[in-house]
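I have placed the structure first, in the form of structure tokens, so that the comments after it can refer back to it.
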Amino acid sequence: MKAPSSRTAPAFAAFSLIALLAACGPAPEKASEHAVPAATASAPTPAPTPPAATPGAPTKVIGLEGLGDLKLGQPVPAGGTWAERGAQTSDACRTVTSPDYPGVYAIVTEGKVQRITVGQRSDVKLVEGVGVGSPEKDVKSWFGGFREEPHKYQDAPAKYLTAPNAASGDPAVRFEIGSDGKVSLTHVGMMPVLGYVEGCS
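Below is the structure:
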């Protein structure tokens, strides 16, 4: 091999030094075919946290125990928003309402809450999500075995659907299905008041 001329020797030496350093350095890492590109790698997104309940806000769920601070089988809570409003039809049977729950009223006899009724203007539902406006098939999918009775004031398919244990004296559920096949009223309470078809009668 011919030795480099004096004019090309510095350039040749520099090139040789670069090649030597490259050969001695670490080999470049081979990218894994499963690696996430650096530009798109990120920490997993945390699941959204449900909003915290506002203290004192009315609950939108009714159960066999009652609705909010209004409890079945107990007196109307003193100092709360539930109170008698408007004309009452009987001294023995009273109704109470609350501005916190539009479309809901409760029947009180012998000083205790016997039934809570959820009506058309309310978005209160049972924990299963069934409430006013739910189709009858949704009621039956959650509450099988309910006793069916013809509606007193509307033509079929309107009807009453009452829990089979209602006669036991324990709190139970009764639905009124309207002529459109949907829940028009939901009642939670104890017999015989649970079965009243006209408020206090």
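As numbered in mature numbering (1 follows the signal peptide of the UniProt record, and there is no 0), residues -31 to -1, 1 to 170 make up the sequence shown, in order. Even glycine gets a Cβ: it sits at the ideal position worked out from N, Cα and C.
With distance defined between alpha-carbon atoms, name the residue in Ser110, Pro133, Lys151, Glu34 nearest to alanine 127.
When only C-alpha atoms are compared, the closest one is Lys151.
Closest to glycine 32 by CA distance: which of Thr58, Val99, Gly55 is it?
Proximity to glycine 32 across Thr58, Val99, Gly55 peaks at Val99, based on C-alpha coordinates.
Regarding glycine 49 and the ligand PLP, is the C-beta to nearest heavy atom distance less than 6 Å?
This structure lacks the ligand PLP, and indeed carries no ligand of any kind.
Three-state secondary structure (DSSP) at leucine 154?
strand
Under the three-state DSSP convention, the category lysine 109 falls into
helix
Compute the Euclidean distance between the alpha carbons of arginine 63 and proline 140, then round it to the nearest angstrom.
Using only the alpha carbons, I get a separation of about 19 Å.
In angstroms, rounded to a whole number, what distance separates the CA positions of serine 67 and valine 45?
11 Å
In the DSSP assignment, find the unbroken beta strand (DSSP E) run with leucine 33 in it and report its ends.
Careful: leucine 33 lies outside any beta strand (DSSP E) and carries neither H nor E.
Measure the CB-CB distance between leucine 154 and threonine 78 and report whether it falls below 7 Å.
Judged by their CB atoms, leucine 154 and threonine 78 are not nearer to each other than the 7 Å cut-off.
Taking 6 Å as the limit between beta carbons, can you name the residues of its chain near serine 170, skipping five residues before and five after?
none
Alpha carbon of leucine 95 to alpha carbon of valine 108, nearest angstrom:
11 Å
Give the secondary structure of alanine 52 by DSSP, where H, G and I count as helix, E and B as strand, and everything else as coil.
Alanine 52 falls in the strand class under three-state DSSP.
Fully enclosed by the segment 68 to 97, which alpha helix (DSSP H) runs are 4 residues long or longer?
none
If you run the structure through DSSP and keep just helix, strand and coil, what is leucine 41?
coil
Below 8 Å on the Cβ atoms is my contact criterion, and I expect arginine 143 with alanine 132 to pass it. Report the Cβ-Cβ distance as a whole number of Å.
7 Å
Please look up how many angstroms separate the CB atoms of proline 71 and arginine 90, rounded, as I've assumed it's under 8 Å.
5 Å
Give the DSSP-derived three-state secondary structure of valine 142 in the structure shown.
strand
Please report the straight-line C-alpha distance between glutamine 123 and valine 101, rounded to a whole angstrom.
As the crow flies, the alpha-carbon of glutamine 123 is around 17 Å from that of valine 101.
Near histidine 120, what residues of its chain come up, given a Cβ to Cβ distance below 6 Å and the 5 sequence neighbours on each side ignored?
Cβ within range, chain order: Ala127, Lys128.
Candidates Val65, Arg84, Thr50, Ser110, of which the one nearest glycine 138 by Cα
Arg84
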